[in-house]
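Student: Going line by line, the protein sequences match chains A and B. Note that the working numbering gives residue 179 to position 127 of the first sequence, counting from 1, and the numbers run on in steps of one. Note that the working numbering gives residue 145 to position 93 of the second sequence, counting from 1, and the numbers run on in steps of one. Cβ atoms here follow ideal geometry from the backbone N, Cα and C, with glycine treated the same way. None of these values were measured; they are calculated from a predicted model.
Number of protein chains: 2
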Amino acid sequence: MTAAAVMQSPMPSSRAAIPVYDPTRGNVAKFPTRCSACGLRELCLPCGLNGQEVDRVDELIYTRRRLKRGESLYRAGDAFSSLYAVRSGFFKTVQTLEDGRDQVTGFHMSGEIMGMDGIGPDAHICNAIALEDSEVCVIPYSRLESLGREVHALRHQFYKVLSSEIVREHGVMLLLGTMRAEERLATFLLNLSQRFMARGYSPSEFNLRMTREEIGSYLGLKLETVSRAFSKFQEEGFINVQQKHVQILDVVGLKRCMGQKSE
Amino acid sequence: MTAAAVMQSPMPSSRAAIPVYDPTRGNVAKFPTRCSACGLRELCLPCGLNGQEVDRVDELIYTRRRLKRGESLYRAGDAFSSLYAVRSGFFKTVQTLEDGRDQVTGFHMSGEIMGMDGIGPDAHICNAIALEDSEVCVIPYSRLESLGREVHALRHQFYKVLSSEIVREHGVMLLLGTMRAEERLATFLLNLSQRFMARGYSPSEFNLRMTREEIGSYLGLKLETVSRAFSKFQEEGFINVQQKHVQILDVVGLKRCMGQKSE
DNA sequence: CGGGGATTTGACACATATCAAGAGCGGTGG
DNA sequence: CCACCGCTCTTGATATGTGTCAAATCCCCG
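This is the structure:
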C-alpha cells in the first residue's frame, strides 16, 4: 500500500476550514475563495496552471454558495450566467422530458464543474440538486471568458474540461447502449471508486450518496434491478453492501464481470 | 426540453462547388477554403460571426481532405491535432470497448464539427468513418486556440459548439436510458429530418446513409429490432420506407408515438 | 418510539435479443 | 445483358433479461 493510501480516511469530510457563510446575504458568501489556497486545485478548473496563472483565476471566483441536501443549484430553464465547481458535497444533475420522464445525467463530486451544458443554449437545460449539504464556487461565465483571453493556459484548460465532459458522456452512452445490468453497475462502482481515490479517500470503502432509484436512473435501469445486482455482487463476494455503505472486496472480479455477455 | 430536440443541435447546408482535389498531394488539398465563401457558414463554426471575424477564420482553415466511402478520417488513439468540419458527405463516429464491443456515438453531416472529444485526452478516442464520399475542412487546433485569443466571438462560438455537443449527448443518454425501441427510432428519424431541413433539403424525404445495424448501434438496439420498428411505422402509415429511402408521411403520428409507454 | 421512505426479494409479464431462413438489391465479371 | 455473389434487410419463432407489481423488512429521522 502506498503512503498516500495509508492516509485515506474512510469517509470524506474534506470541507475546507474557511468559514464563509454570511447570514446577511442568504446563502451567498462574498468572501473570496482562493483557488491558490484550495486543496482541490489539481482536480478542478485550475488543474495544470502555474502559480501565477492560478492567482489570476483567484480574481474570477469571488462567491461561494452553500446548499442543503435536496436544494437545487439551478433548474432547467434558468438563465445561464455561471458555472459551478463543487467544493464539498455531492450533486446529481437531472434532465426531464416533457412527458415527465426524467433521467439522472450525472453525479458530481468535489472539484468537478457543473453547468457547462448551459453555454450553448444560454440557459440551463437540467436541474442540479445537492444530494447532501454542499458548497460550490460560483464561476461567472463572462469573467471566465474574458480572463480566458489573457490567460492562455486557462483557456486551454477550460477547453479540456468541456472536452472531458464529452468523453465522459461517450462512456455513458456506451454503457447505456451496450452493457447488461450487472456490467453497468460494476462500471459505475469502479468509476466511483476511482474518483474517491483521486480525492484522497478510500477507493474500497465509501458511502453512496444516492438512492438505488437514482443509480438506476443514471444507468438506465429500474431500482429493483439495481438492488438485485448489488445482492448478486455480494453473493459473489465482489462487494459488501449494507444500504448505502459499500466495500469493494474484489476489483478484479468486478472488472471481469464487466466484459461478459452473461454470468 | 422538447422531444424533438432530444438528439442534436442543428447545424446545416448545401454543398459548395469549389474544386479542390489535388492529386499531387494525396487526399490533402492545399487550396484555401474560405469560410467567407462557404454556404455552410451559418451552420458551422463561423455561425454568428460578422464579416470581419469570418475573414479571420479564413486564416485558420487552409486544408481540406477528401475521403472515399468507408475511409477513416481519424482513429481512436491517433494524436489529436485538428478538428474537422464536414463540408460534404456523411460520417459516423464509433467508440470501441476493449472487449471488442462498439457503438456508433454519432452521425455527422455538413456543417458539423468532429473531433472535439480529442481535446482533453490529447488523442482521438473514437473512429470517424465516412459513410459516403465526403470532404472535410481541417481546423488545426493550435491555430484555433491562438485565434480564439484575438477574436472574442470565435472563442465564444467555439465554447458554444462544445457545449452543444454536451447537450446533444445528454439527449442521447435520455433516449438510451428511458425510451422504448419505437420511440428511439421515431426520435432518430425526426432528428434527421430537422437536420436535413436546416440544410435546405427535404425534411420529409431522404436517403439514409447508414445501415440498419449502424442505426441500431447508435440507438442501443439490434438491427432486427430497428427493421421491425421501420415496418411497424410503415404499417401505421407514419412513413414509407424502401431500403434506405425514407418518406415521412405523418410527423404528428411519429411524435405521438414518442411519448408512449406502449402501443 | 413511531412513521415513512428506501431496500430487498419473489412471481410474473413483456420488450427486445437471439437464432434462423429467405428475399431484395447492387455491384462485378463473364 | 445477364448471372452470380455478397451484403443488407425483412420476418418468424423462441429465449432471455429486465420491467412490473406486490409484499415484507430495514432503517433513518423526527
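Between which two residues does the alpha helix (DSSP H) holding B:Leu183 run?
Tutor: What you label residue 183 of chain B is simply residue 131 of the second sequence in a count that begins at 1. Unbroken run through B:Leu183: none, as it is neither H nor E.
Student: Strictly under 8 Å for the Cβ-Cβ distance: is A:Ile177 near chain B by that measure?
Tutor: To locate residue 177 of chain A, count along the first sequence from 1; it is residue 125. Taking Cβ atoms only, chain B reaches closer than 8 Å to A:Ile177, which makes this a yes.
Student: Under a three-way DSSP split, which group does A:Val190 fall into?
Tutor: Counting from 1 along the first sequence, the entry for residue 190 of chain A is found at position 138. Of the three classes helix, strand and coil, the one that applies to A:Val190 here is strand, per DSSP.
Student: Inspect the beta-carbon positions of B:Ser215 and A:Met168 and report whether they are closer than 8 Å.
Tutor: Reading the second sequence from its first residue, position 163 is the one you call residue 215 of chain B. Reading the first sequence from its first residue, position 116 is the one you call residue 168 of chain A. Against a cut-off of 8 Å, the Cβ pair of A:Met168 and B:Ser215 comes out as a contact.
Student: When you compare each of B:Leu242, B:Ser269, B:Val224 to B:Phe258 by their alpha carbons, which one comes out closest?
Tutor: The residue you call residue 258 of chain B lines up with position 206 of the second sequence. Ranking B:Leu242, B:Ser269, B:Val224 by Cα distance to B:Phe258 puts B:Leu242 first.
Student: How many angstroms separate the CA atom of A:Gly103 from the CA atom of B:Gly122?
Tutor: If you number the first sequence from 1, residue 103 of chain A lands on position 51. If you number the second sequence from 1, residue 122 of chain B lands on position 70. Approximately 48 Å, taken between the alpha carbons.
Student: Spell out the partners DSSP gives B:Asn259 in its beta bridges.
Tutor: The sequence position of residue 259 of chain B within the second sequence is 207, counting from 1. BP columns for B:Asn259 point to B:His297.
Student: Since B:Ile181 meets chain A, which of its residues come closer than 7 Å, beta carbon to beta carbon?
Tutor: Residue mapping note: residue 181 of chain B aligns to position 129 of the second sequence, counting from 1. Result: empty, since nearest Cβ-Cβ is about 16 Å, beyond 7 Å.
Student: Using a cut-off of 7 Å between C-beta atoms, extract the partners of B:Gly163 located in chain A.
Tutor: For the purposes of this step, residue 163 of chain B is taken as the residue at position 111 of the second sequence. Correct list: empty, because the minimum Cβ distance to chain A is about 15 Å.
Student: State buried or exposed for B:Glu287, treating a residue as buried only when at least 16 other CB atoms are found within 10 Å of its CB.
Tutor: As a first step, residue 287 of chain B must be located in the second sequence, where it is residue number 235. Looking at its Cβ environment, which holds fewer than 16 other Cβ atoms inside 10 Å, B:Glu287 is exposed.
Student: Give, in chain order, every unbroken run of the beta strand (DSSP E) that is at least 3 residues long and sits entirely within the segment 127 to 169 of chain B.
Tutor: For the segment 127 to 169 of chain B, whole beta strand (DSSP E) runs of length 3 or above, ordered along the chain, are 134 to 140, 142 to 148, 154 to 161.
Student: Just mark A:Val138 as buried or exposed, buried being the case when its beta carbon has 16 or more other beta carbons within 10 Å.
Tutor: Position 86 of the first sequence, counted from the first residue, corresponds to residue 138 of chain A. By the neighbour-count rule (16 or more Cβ atoms within 10 Å), A:Val138 is buried.
Student: If you reduce the DSSP assignment to three classes, tell me which class B:Arg201 lands in.
Tutor: On the second sequence, residue 201 of chain B is found 149 positions in, with the first residue counted as 1. Helix at B:Arg201.
Student: Round the Cβ separation of A:Leu135 and A:Met166 to the nearest angstrom and send it over; I've been treating them as touching at under 8 Å.
Tutor: Here residue 135 of chain A corresponds to residue number 83 of the first sequence, with the count starting at 1. Here residue 166 of chain A corresponds to residue number 114 of the first sequence, with the count starting at 1. Confirmed, about 7 Å.
Student: Return the CA-CA distance between B:Leu125 and B:Tyr253, expressed in angstroms with no decimal places.
Tutor: Residue 125 of chain B sits at position 73 when you count from the first residue of the second sequence. Residue 253 of chain B sits at position 201 when you count from the first residue of the second sequence. Approximately 25 Å between the Cα atoms of the pair.
Student: In the DSSP assignment, what are the bridge partners of A:Ser124?
Tutor: Start at 1 with the first residue of the first sequence, and residue 124 of chain A comes out as number 72. DSSP, once it has assigned bridges, lists A:Ile181 as partnering A:Ser124.
Student: So which residues on chain B does A:His204 lean against when the C-beta distance must stay under 9 Å?
Tutor: Within the first sequence, residue 204 of chain A is the residue found at index 152, counting from 1. The contacting residues are Glu197, Ser198, Arg201.
Student: How many Å lie between A:Ile177 and B:Arg220 at the Cα?
Tutor: Mapped onto the first sequence, residue 177 of chain A falls at position 125. Mapped onto the second sequence, residue 220 of chain B falls at position 168. If you take the alpha carbons of A:Ile177 and B:Arg220, they lie about 11 Å apart.
Student: From this set, B:Gly305, B:Asp185, B:Leu271, which residue's C-alpha is nearest B:Lys284's C-alpha?
Tutor: Walking along the second sequence from the start, residue 284 of chain B turns up at place 232. Out of B:Gly305, B:Asp185, B:Leu271, B:Gly305 has the C-alpha closest to the C-alpha of B:Lys284.
Student: Using 8 Å as the Cβ pair cut-off and three pairs as the minimum, do the segment 225 to 245 of chain A and the segment 188 to 208 of chain B touch?
Tutor: Segments in contact, no.
Student: In angstroms, rounded to a whole number, what distance separates the CA positions of A:Glu184 and A:Leu237?
Tutor: Stepping through the first sequence from its first residue, residue 184 of chain A is reached at position 132. Stepping through the first sequence from its first residue, residue 237 of chain A is reached at position 185. Going from the Cα of A:Glu184 to the Cα of A:Leu237 covers about 22 Å.
Student: Please compile the residues from chain A whose C-beta is within a distance smaller than 9 Å of the C-beta of B:Ile218.
Tutor: Residue 218 of chain B sits at position 166 when you count from the first residue of the second sequence. In chain order: Met168, Asp169, Ile171, Gly172, Leu214, Glu217, Ile218, Glu221.
Student: According to the neighbour-count rule (16 or more other Cβ atoms, all chains shown, within 10 Å of its Cβ), is B:Arg308 buried or exposed?
Tutor: Position 256 of the second sequence holds residue 308 of chain B. The residue is exposed, with fewer than 16 neighbouring Cβ atoms inside 10 Å.
Student: Figure out for me which residue from B:Val106, B:Glu265, B:Thr239, B:Ala89 has the closest Cα to the Cα of B:Gln209.
Tutor: Taking the first residue of the second sequence as position 1, residue 209 of chain B is located at position 157. Out of B:Val106, B:Glu265, B:Thr239, B:Ala89, B:Val106 has the C-alpha closest to the C-alpha of B:Gln209.
Student: Assuming the contact rule is C-beta atoms closer than 8 Å, A:Arg261 and A:Leu95 should be a hit. Round their C-beta distance to whole Å, please.
Tutor: The count along the first sequence starts at 1 and reaches residue 261 of chain A at position 209. The count along the first sequence starts at 1 and reaches residue 95 of chain A at position 43. No, A:Arg261 and A:Leu95 are not in contact; Cβ-Cβ is about 18 Å, not under 8 Å.
Student: Given a threshold of 16 other Cβ atoms within 10 Å of its Cβ, counted over all protein chains shown, does B:His329 qualify as buried or as exposed?
Tutor: The shown model of chain B, from 53 to 315, leaves out residue 329 of chain B, and the question about it has no answer.
Student: Cα-Cα, which of A:Ala281, A:Leu206, A:Gly158 is closest to A:Gln147?
Tutor: Translated into the one-based positions of the first sequence, residue 147 of chain A becomes position 95. A:Gln147 has its Cα closest to that of A:Gly158, out of A:Ala281, A:Leu206, A:Gly158.
Student: Could you name the residues of the segment 104 to 124 of chain A whose beta carbon sits closer than 9 Å to any beta carbon of chain B, in the order they occur along the chain?
Tutor: For the segment 104 to 124 of chain A, which is checked against every Cβ of chain B, not one residue is closer than 9 Å.
Student: Which term fits A:Lys296, buried or exposed, when burial requires 16 or more other beta carbons within 10 angstroms of its beta carbon?
Tutor: As a first step, residue 296 of chain A must be located in the first sequence, where it is residue number 244. Exposed is the call here.
Student: For A:Pro192, which residues in the same chain have their Cβ closer than 6 Å to its Cβ, ignoring the five residues on either side in sequence?
Tutor: Translated into the one-based positions of the first sequence, residue 192 of chain A becomes position 140. Excluding positions up to five away in sequence, the list reads Ser134.
Student: Can you confirm whether B:Gln246, when its beta carbon is compared against all beta carbons of chain A, has any partner nearer than 8 Å?
Tutor: Residue mapping note: residue 246 of chain B aligns to position 194 of the second sequence, counting from 1. False, the Cβ-Cβ gap to chain A never drops below 8 Å.
Student: Beta carbons nearer than 9 Å to chain B: which residues of the segment 264 to 285 of chain A have them?
Tutor: The residues in question are Ser269, Tyr270, Leu271, Gly272, Leu273.
Student: Could you check if B:Glu150 is buried or exposed, using at least 16 other CB atoms within 10 Å of its CB as the buried criterion?
Tutor: As a working mapping, residue 150 of chain B is identified with position 98 in the second sequence. Classification for B:Glu150: exposed.
Student: At a CB-CB cut-off below 7 Å, which residues of chain B make contact with A:Val224?
Tutor: Mapped onto the first sequence, residue 224 of chain A falls at position 172. Correct list: Met225.
Student: At 8 Å on the CB atoms, spell out the chain A contacts of B:Thr239, in chain order.
Tutor: Here residue 239 of chain B is taken as the residue at index 187 of the second sequence, counted from 1. The premise fails here: B:Thr239 is roughly 10 Å from chain A at the closest Cβ pair, so nothing lies under 8 Å.
Student: Could you check what DSSP says for B:Asn243 in three-state terms: helix, strand or coil?
Tutor: Here residue 243 of chain B refers to the residue found at position 191 when the second sequence is read from its first residue. The answer is helix: DSSP assigns B:Asn243 an H, G or I state.
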